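Student:
2 protein chains.
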Amino acid sequence: MTTLRDIALIAGVSGATVSNVLRNRGFVGAETSARVREVAQRLGYRPNPMAQALANGRAPTIAMVFSDLANPFYSMFALEAERAARRRDHFLLVCHAAKPDGTLDTAYLGAVAGRLSGGVLILGSDLGRADLLSAVPNGVPTVLAMWEDAADHPSLPCVTLDFREAGRLAADHLLALGHRRIAVLAGARGDRVSHGARLEGATARLREAGVLGGATLEEDSIGGGHRAAMRLLEAEPRPTAILATNDLLGIGAIQAAGERGLAVPRELSVVGITDIWLAAEMRPALTTVDIDTRRIADASVNALLDLIAEPDALARDALRIVGRPSLVRRASTAQAP
Amino acid sequence: MTTLRDIALIAGVSGATVSNVLRNRGFVGAETSARVREVAQRLGYRPNPMAQALANGRAPTIAMVFSDLANPFYSMFALEAERAARRRDHFLLVCHAAKPDGTLDTAYLGAVAGRLSGGVLILGSDLGRADLLSAVPNGVPTVLAMWEDAADHPSLPCVTLDFREAGRLAADHLLALGHRRIAVLAGARGDRVSHGARLEGATARLREAGVLGGATLEEDSIGGGHRAAMRLLEAEPRPTAILATNDLLGIGAIQAAGERGLAVPRELSVVGITDIWLAAEMRPALTTVDIDTRRIADASVNALLDLIAEPDALARDALRIVGRPSLVRRASTAQAP
DNA sequence: CTGTTAGCGCATTCAG
DNA sequence: CTGAATGCGCTAACAG
Chain A
1 MTTLRDIALI
11 AGVSGATVSN
21 VLRNRGFVGA
31 ETSARVREVA
41 QRLGYRPNPM
51 AQALANGRAP
61 TIAMVFSDLA
71 NPFYSMFALE
81 AERAARRRDH
91 FLLVCHAAKP
101 DGTLDTAYLG
111 AVAGRLSGGV
121 LILGSDLGRA
131 DLLSAVPNGV
141 PTVLAMWEDA
151 ADHPSLPCVT
161 LDFREAGRLA
171 ADHLLALGHR
181 RIAVLAGARG
191 DRVSHGARLE
201 GATARLREAG
211 VLGGATLEED
221 SIGGGHRAAM
231 RLLEAEPRPT
241 AILATNDLLG
251 IGAIQAAGER
261 GLAVPRELSV
271 VGITDIWLAA
281 EMRPALTTVD
291 IDTRRIADAS
301 VNALLDLIAE
311 PDALARDALR
321 IVGRPSLVRR
331 ASTAQAP
Chain B
1001 MTTLRDIALI
1011 AGVSGATVSN
1021 VLRNRGFVGA
1031 ETSARVREVA
1041 QRLGYRPNPM
1051 AQALANGRAP
1061 TIAMVFSDLA
1071 NPFYSMFALE
1081 AERAARRRDH
1091 FLLVCHAAKP
1101 DGTLDTAYLG
1111 AVAGRLSGGV
1121 LILGSDLGRA
1131 DLLSAVPNGV
1141 PTVLAMWEDA
1151 ADHPSLPCVT
1161 LDFREAGRLA
1171 ADHLLALGHR
1181 RIAVLAGARG
1191 DRVSHGARLE
1201 GATARLREAG
1211 VLGGATLEED
1221 SIGGGHRAAM
1231 RLLEAEPRPT
1241 AILATNDLLG
1251 IGAIQAAGER
1261 GLAVPRELSV
1271 VGITDIWLAA
1281 EMRPALTTVD
1291 IDTRRIADAS
1301 VNALLDLIAE
1311 PDALARDALR
1321 IVGRPSLVRR
1331 ASTAQAP
């Protein structure tokens, strides 16, 4: 493992000079500079990020905390977050907040937060509010991403989108297609809605149009959407459309329709929210509301890095609404029958 | 940020003593010990992993390098890898090997390998062989996971499974169901097969049974499977079964069958390989060969950590075949018509 | 322009 | 049983 000192010795200069050369600080003569570079090159020198971090008090990583990497949304987010981090010369540490048994692992967070990583990015949509606040040690730069209800977020800088608007768009689309019997399917954890804002946005719009929408709560997964839709489709009169607050639920609903022998979109329209990659890959492809995951991931990472660089860059309760949800028309919705 | 020294000062002892207490080395008297602990507790002391790493020359992270986190297989693997790493007190750094333009990002790997992270875990199935060897700096503990062809792996410790056997199992299943016109759909990158061993295993078994199987190569994705199957299902006589070397391809094939108006599994059987979570969530659910991703992720991480702890723990070309592929019968396969 | 001097926070000898 | 000393690899003032 060749170190700064090694190359200093060989180049016949001091460590400081090597450091200056390699960091392009311009205090060094062209000749020495060239020599140092040559030696560094020849020895395949790579600075040790740990040592750099220790010396200048700035970790080269950020930690991303979430509940389930295997969820297609989170993995997509992680992918974009990693790219955004890398653009600013940082690495991404992935951390499951929860232990296998489901409880929050605070010791783990404590070890990583603010030391190994310069800050923490919390993907909020699944993580409980009180837990969050207590799990991250005080004073560690923290940004909350994807918090459902912008109007009521914890006292942390928060980067998210207008979920209410997303819900409204989905409802609007179905109404515009002439649907009146619209069932709403909302993601929940136990008996608590996880998609409150989308749900509110959707039902508000529906009520505006004189359509009343009770919502069915279900676990946010394909299986959950399937189960719930199977029940919903038994109702008489049957809904002509299902509005799912998340794509996985919507995909499950499409499957249920298939099993019930209903043609999508001819006999049943289904719309989701998020636009995970899977939405486009399903048959029929899912009409959904694109929330622009990439921009949010970018903005979240950038906000966190800004906060790390400049602890007062963001107010403790700063709120950034990123992007504007937009409808993506695919094959799962059509004119009401 | 409270440091070791802070608590030493307050507890009225030296830093070494604090370290000894907190690391349970037993050299310290019960009373001082208790006092130190109390102070550490009260001040919310958390050791700085960076400093620890620098001092004892051991990074608390490992890097996982792969081509696409959004791929359901990789995200599943990453999830399990993170758990395995955490069990041994390490964090997981995720690294996309490729830049957005597709070329390998060696500078990035160089920065992380062996310094920020103690070692590198490379998910091989998509990464080119020559690239791999050159991208990771010499002397950095490296483990290759999921390499397709165990018989011909690069000169790196390698943890994988018997993909040939997985292919054989899939073929065997279809043969046992009485299928004779079996189309094989194999993942490829450009015109190079990515799933060579599975393909060989499958075609070998098919040939054994007197069934000849030319393979169709396609990009390994749902869309790719869909495209390829659309073509295959035009043939006369039509195949009664499709063997896909990966689940995404299989899922695409099922979709294509649907569009061609063929009932799965009555008129067309489809079998995949891997058993990603999506396989179980599709309708019909995909019959597939489970490769036990979790055990492989565990074994890979453990092998890497062993290698880091003991550089000679594994031979430079050690090969570990983990688990035994097993067929998971679901709803996409049935007796040949 | 270059080298010397201090740390960054911690772990580990080695004397006391 | 304890504490002072040393070093991990690097950066950032300083002096020269």
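The listed protein sequences correspond, in order, to chains A and B.
Position 19 (the first sequence) corresponds to 19 in this note's numbering; numbering is contiguous.
Position 179 (the second sequence) corresponds to 1179 in this note's numbering; numbering is contiguous.
Quick reminder that beta carbons are idealized off the backbone N, C-alpha and C, glycines included.
Computed from a predicted model, the values in this text were never measured in an experiment.
Name the one or two DSSP bridge partners that H1096/B has.
Tutor: F1066/B, per the DSSP bridge assignment.
Student: Helix, strand or coil: how does DSSP classify E1267/B here?
Tutor: Residue state, collapsed to three classes: coil.
Student: With respect to the beta strand (DSSP E) encompassing R198/A, which residues constitute its N-terminal and C-terminal limits?
Tutor: Note, R198/A: premise wrong, no beta strand (DSSP E); alpha helix (DSSP H) at G196 to E208.
Student: Between T1203/B and the rest of its own chain, which residues show a CB-CB distance below 6 Å, the 5 nearest in sequence each way excluded?
Tutor: G1213, listed in sequence order.
Student: Which residues, in order along the stretch 213 to 226 of chain A, keep a beta-carbon less than 7 Å from a beta-carbon of chain B?
Tutor: Those residues of the stretch 213 to 226 of chain A that come within reach of chain B (Cβ to Cβ, closer than 7 Å) are I222 and G223.
Student: I want to verify the contact list: residues of chain B whose CB lies under 8 Å from the CB of Y108/A, in sequence order.
Tutor: The contacting residues are R1086.
Student: If we ignore side chains and look at the alpha-carbon of each, how far apart do V1270/B and V1184/B end up?
Tutor: Straight-line Cα distance between these residues: approximately 10 Å.
Student: Does G187/A pass the burial test, meaning 16 or more other C-beta atoms within 10 Å, or should it be called exposed?
Tutor: The residue is buried, with at least 16 neighbouring Cβ atoms inside 10 Å.
Student: Return the Cβ separation of I1010/B and A1150/B in integer angstroms, given the expectation that the two are a contact with Cβ distance under 8 Å.
Tutor: The pair is not a contact, with the Cβ atoms about 57 Å apart (cut-off 8 Å).
Student: With 16 as the cutoff for other CB atoms within 10 Å, does N246/A come out buried or exposed?
Tutor: By the 10 Å Cβ count, N246/A comes out buried.
Student: Closest to E1310/B by CA distance: which of M1076/B, E1082/B and T1142/B is it?
Tutor: E1310/B has its Cα closest to that of T1142/B, out of M1076/B, E1082/B and T1142/B.
Student: Out of curiosity, what's the CA-to-CA distance linking E148/A and A113/A?
Tutor: So the two alpha carbons sit approximately 23 Å from each other.
Student: Provide the residue span of the beta strand (DSSP E) that contains T216/A, from first to last.
Tutor: Run containing T216/A: A215 to E219, per the beta strand (DSSP E) assignment.
Student: So, do the stretch 1082 to 1097 of chain B and the stretch 96 to 111 of chain A have three or more beta carbon pairs nearer to each other than 8 Å?
Tutor: Touching, yes, given that three or more Cβ pairs across the two stretches are closer than 8 Å.
Student: Run down chain B in chain order and give the residues with a C-beta less than 9 Å from the C-beta of R46/A.
Tutor: Residues of chain B passing the Cβ test: G1110, A1111, A1113, G1114, R1115 and P1137.
Student: What are the partner residues of S14/A, as DSSP defines its beta bridges?
Tutor: S14/A is not bridged to any residue.
Student: Please state whether DSSP places T1293/B in a helix, a strand or coil.
Tutor: Looking at T1293/B - three-state DSSP - the assignment turns out to be helix.
Student: Determine, using beta carbons only, whether I1276/B and F1073/B come nearer to each other than 7 Å.
Tutor: Their beta carbons are under 7 Å apart, which means I1276/B touches F1073/B by this criterion.
Student: For A113/A, name the three-state secondary structure that DSSP assigns.
Tutor: Helix at A113/A.
Student: I think V345/A touches L4/A, with their Cβ atoms under 8 Å apart; what is that distance to the nearest whole Å?
Tutor: No answer is possible for residue 345/A: the residues shown for chain A start at 1 and end at 337.
Student: Let me check one thing: in DSSP terms, what residues is I182/A bridge-paired to?
Tutor: Bridge partners of I182/A: A241/A.
Student: Which residue wins for smallest C-alpha separation from R1205/B, given the options A1229/B, R1180/B and Q1335/B?
Tutor: The shortest Cα separation from R1205/B among A1229/B, R1180/B and Q1335/B belongs to R1180/B.
Student: Name, please, each residue of chain B whose Cβ falls closer than 9 Å to the Cβ of P100/A.
Tutor: Here the neighbours are R1083.
Student: In three-state terms, what does DSSP make of T61/A?
Tutor: If DSSP states are grouped into helix, strand and coil, T61/A belongs with the strands.
Student: Check the C-beta distance from G1201/B over to G1167/B and give it rounded, since I have them as a contact under 8 Å.
Tutor: Contact flag correct, Cβ pair sits at about 3 Å.
Student: Tell me, please, whether the CB atom of F91/A is closer than 7 Å to any CB atom in chain B?
Tutor: It does: the Cβ of F91/A has a partner Cβ on chain B nearer than 7 Å.
Student: So the candidates are A1313/B, A1253/B and L1307/B; which of them puts its Cα closest to the Cα of S1117/B?
Tutor: Closest by alpha carbon: L1307/B.
Student: With a 10 Å radius around its C-beta and 16 neighbouring C-beta atoms as the bar for buried, classify Q335/A as buried or exposed.
Tutor: Per the 10 Å Cβ criterion, exposed.
Student: Taking DSSP's pairing of strands, which residues face A1188/B in a bridge?
Tutor: In DSSP, A1188/B forms a bridge with V1193/B and E1219/B.
Student: Going along chain A, which residues have a C-beta under 8 Å from A1053/B?
Tutor: By Cβ distance, chain A contributes M50.
Student: Could you check how far apart the C-beta atoms of L1123/B and V1065/B are, in whole angstroms? I think they sit under 8 Å.
Tutor: Confirmed, about 7 Å.
Student: Can you find the residues in the same chain that come closer than 6 Å, C-beta to C-beta, to V36/A, ignoring five residues on each side of it along the sequence?
Tutor: Taken in chain order, the residues that qualify are A11, V18 and V21.
Student: Suppose the cutoff is 7 Å on Cβ atoms and the five residues either side in sequence are ignored; what does the same chain contact list for R1227/B look like?
Tutor: Closer than 7 Å at the Cβ level, and outside the excluded window around R1227/B, lie E1218.
Student: Return the Cβ separation of L1133/B and P1154/B in integer angstroms, given the expectation that the two are a contact with Cβ distance under 8 Å.
Tutor: Between P1154/B and L1133/B the Cβ distance is about 6 Å, and since that is below 8 Å, they are a contact.
Student: Counting along the chain, where does the beta strand (DSSP E) carrying L1327/B start and finish?
Tutor: Residues S1326 to V1328.
Student: If we ignore side chains and look at the alpha-carbon of each, how far apart do A1055/B and V136/A end up?
Tutor: Those two C-alpha atoms are separated by around 26 Å.
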